[in-house]
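Count the sequence shown with our numbering and you get residues 20 to 370, in order. Quick reminder that beta carbons are idealized off the backbone N, C-alpha and C, glycines included.
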Amino acid sequence: MSSASLVEEEYYTSAEFINKLREVFTKYLGSILELDRGNNYLRTITSSRIGRIDPSRTWSPESIAVVDGGSNIIGLAAGYVGVVAAVAILIRDNTVEARLIEGPLVVPSNPSELILYESVDIVESVVNKVREALVFRLASRSLKTWNPDLLIVDGPLTPYRAFSTIVARESESEKKALSDYREAVLQLYRDSLEASSSIIGFVKRPRSTLLSPSTRVYDHVLLSRILGEREYYPSPPQQLSSRWITDNEIRSIISAMRVEYTYYRATISSLPFRVDFGTIHVDYRDILSYLYRVRTRDGVPFPVMKADEEARIAKKLLREIYYDALHYHIHRSLDGDIRYLSPILLEYGER
């Protein structure tokens with residue numbers, strides 16, 4: 020395969036356009052900074068509710084299972100195609116001892132539905148649901164297979180608000196994906212009640228407004244103004260409210276799970292992360308201390324970073340797999356009309 024297809028994207032924009040874009044973008048970033056500067060919610064946060072992680076707490080899990088999902092999308096002449104998978108790793112003594120894999124799956128599963136996904140946003144809606152269903156399904160499987168001291172789901176323990184909607188209403192794939200996702204979340208909750216494992220969700224990019232639903236700024240951005248390294252808020256963790264959820268089924272799931280959450284800052288250079296506490300059998304402060312002690316340079320705990328690396332479906336990897344598959348079909352059609360390969364060629368602009 021040619022390495023030219025994998026080079027960094029180049030641009031040939033005029034200097035005049037670049038200068039105008041720089042000016043507009045600089046002004047816009049300044050407007051973002053003004054959003055949270057005058058936010059009233061910060062004034063309601065009292066120092067008594069800001070906790071401080073104690074790194075001297077000695078609890079450390081002997082076995083840690085981490086589950087993460089990966090996905091990516093490629094644009095073909097026939098339509099947008101998503102690839103989805105989930106990976107679970109078992110860590111003992113800072114070493115990956117075992118792995119479990121769900122997938123990979125292709126979205127949509129039925130190629131006849133490709134025509135329903137006219138934009139990346141639409142197929143991404145389905146991909147997200149399928150990916151999270153695989154993650155929660157694999158989390159349940161990890162509990163039963165490994166019975167770890169600590170199970171970490173890379174992401175929230177509760178369904179995303181956006182995942183309660185159907186974007187492509189004619190898509191049977193999306194309807195099934197949403198149904199599978201909800202059932203997988205419920206199954207993990209049922210399994211957690213019978214397991215001896217502590218279960219948490221680690222949210223690296225917590226785009227949520229749980230603390231103040233009326234605010235126009237995400238929680239972790241607001242808290243970055245007041246939390247120092249090792250500090251967390253709220254203390255103790257607060258139960259996740261389901262009042263903002265309009266879907267009755269998802270509201271009942273979240274109410275039953277009784278998930279509690281807090282935000283903590285691992286390093287002064289990183290924004291706060293969110294931790295969702297499901298069923299836990301140790302003090303939440305022990306878990307926060309462990310996550311802080313095994314932080315990487317970016318603040319992300321080492322087990323979470325390792326699972327993220329193994330589950331990621333990079334654009335470069337997907338492109339290499341695509342060209343391998345394309346060459347296979349080219350070889351099969353050497354004696355026929357090669358024009359029939361047109362549907363599986365990359366769309367214009369796809370690099």
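For this session: Reducing DSSP to helix, strand and coil, say where Val146 ends up.
Result: If DSSP states are grouped into helix, strand and coil, Val146 belongs with the helices.
Exercise. From Leu237 to Ala344, what distance separates their C-alpha atoms?
Worked result: Leu is not the amino acid found at residue 237; the sequence shown has Tyr there. So the two alpha carbons sit approximately 42 Å from each other.
Problem set entry | Beta-bridge partners of Glu279, as assigned by DSSP | Note: Glu279 sits in a beta bridge opposite Gln258 and Phe296.
For this session: Closer than 6 Å by C-beta to Leu212: which residues in its own chain qualify, once you throw out the five before and the five after it? Chain order, please.
Result: none
Exercise. In this structure, does DSSP put Tyr252 in helix, strand or coil?
Worked result: strand
Exercise. Does any heavy atom of the ligand SAM sit closer than 8 Å to the C-beta of Tyr136?
Worked result: This structure simply doesn't include the ligand SAM, nor any ligand for that matter.
Exercise. How is the beta strand (DSSP E) around Ser217 delimited, first residue to last?
Worked result: Ser217 to Val222
Problem set entry | First through last residue of the beta strand (DSSP E) which encompasses Glu193 | Where Glu193 is concerned, there is no enclosing beta strand (DSSP E), although the alpha helix (DSSP H) it sits in stretches over Glu191 to Glu213.
Exercise. By Cβ distance below 7 Å, which residues in the same chain neighbour Arg156 in space, the five residues on each side in sequence not counted?
Worked result: Glu121 and Ala203
For this session: Look at Val102 and Pro74 and say whether their C-beta atoms are less than 9 Å apart.
Result: Cβ distance not < 9 Å, so Val102 and Pro74 don't count as in contact.
Exercise. What separation, rounded to the nearest whole angstrom, lies between the Cα atoms of Pro85 and Thr45?
Worked result: The displayed chain sequence assigns Val, not Pro, to residue 85. Cα-Cα distance, rounded: 39 Å.
Exercise. Using CA coordinates, which residue listed in Pro167, Ala196 and Asp210 is at the minimum distance from Glu116?
Worked result: Pro167
Exercise. If you run the structure through DSSP and keep just helix, strand and coil, what is Arg64?
Worked result: It is Ile, not Arg, that sits at residue 64 in the sequence shown. Coil.
Problem set entry | Own chain, CB closer than 8 Å to Ser138, minus 5 neighbours either side, in chain order | Tyr99
For this session: State the start and end residues of the unbroken alpha helix (DSSP H) segment that holds Ser289.
Result: Note, Ser289: premise wrong, no alpha helix (DSSP H); not H, not E.
Exercise. From the DSSP output, which residues share a beta bridge with Arg111?
Worked result: Thr114
Exercise. Under the three-state reduction of DSSP, which class applies to Val125: helix, strand or coil?
Worked result: Reduced to three states, the DSSP call for Val125 is strand.
For this session: Compare the C-alpha of Arg150 against each of Pro80, Leu197, Pro130 and Ser243 and name the closest.
Result: Closest option to Arg150, Cα to Cα, is Leu197.
Exercise. CB-CB under 6 Å to Phe296, same chain, minus the five flanking residues each way: which ones, in chain order?
Worked result: Ile219, Pro256, Glu279 and Tyr303
For this session: Measure the C-alpha to C-alpha separation of Val126 and Ile134 and round it to an integer number of angstroms.
Result: Distance between Val126 and Ile134, taken at the CA atoms: about 12 Å.
Problem set entry | Closest residue to Met276 among Arg244, Leu241 and Leu259 (Cα-Cα distance) | Nearest C-alpha to Met276: Leu259.
Problem set entry | Beta-carbon proximity check, Thr77 vs Leu119, cutoff 9 Å | no
Problem set entry | Minimum C-alpha distance to Arg312 - residue among Leu290, Glu248, Glu366 and Tyr341 | Glu248
Problem set entry | Same chain, Cβ closer than 7 Å to Pro291, five either side skipped, listed in chain order | His239, Leu242, Ser243, Leu246, Tyr282, Tyr283 and Arg284
For this session: Grab the span of the beta strand (DSSP E) containing Ile171 for me, first residue to last.
Result: For Ile171, the enclosing beta strand (DSSP E) begins and ends at Leu169 to Asp173.
Exercise. So is Ile108 buried or exposed if we call it buried at 16+ other beta carbons inside 10 Å?
Worked result: Classification of Ile108: buried, given that the 10 Å Cβ count is 16 or more.
Problem set entry | Nearest residue (CA-CA) to Ile141, options Tyr341, Ile92, Val154 and Ser161 | Ile92
Problem set entry | Beta-carbon contacts of His348 that lie in its chain and below 8 Å, excluding the five residues immediately before and after | Leu360 and Ile363
Exercise. How far does the alpha helix (DSSP H) with Glu95 in it reach, from first residue to last?
Worked result: First, the amino acid is wrong: residue 95 is Leu here, not Glu. For Leu95, no alpha helix (DSSP H) encloses it; the enclosing beta strand (DSSP E) starts and ends at Ile83 to Leu95.
Exercise. Leu119 by DSSP, collapsed to three states: which one?
Worked result: strand
For this session: Pick helix, strand or coil for Val102, following the three-state DSSP scheme.
Result: strand
Exercise. Given a threshold of 16 other Cβ atoms within 10 Å of its Cβ, counted over all protein chains shown, does Leu54 qualify as buried or as exposed?
Worked result: exposed
Problem set entry | Residues of its chain near Arg226, where Cβ-Cβ distance is below 6 Å and the 5 sequence neighbours each way are ignored | Closer than 6 Å at the Cβ level, and outside the excluded window around Arg226, lie Tyr237.
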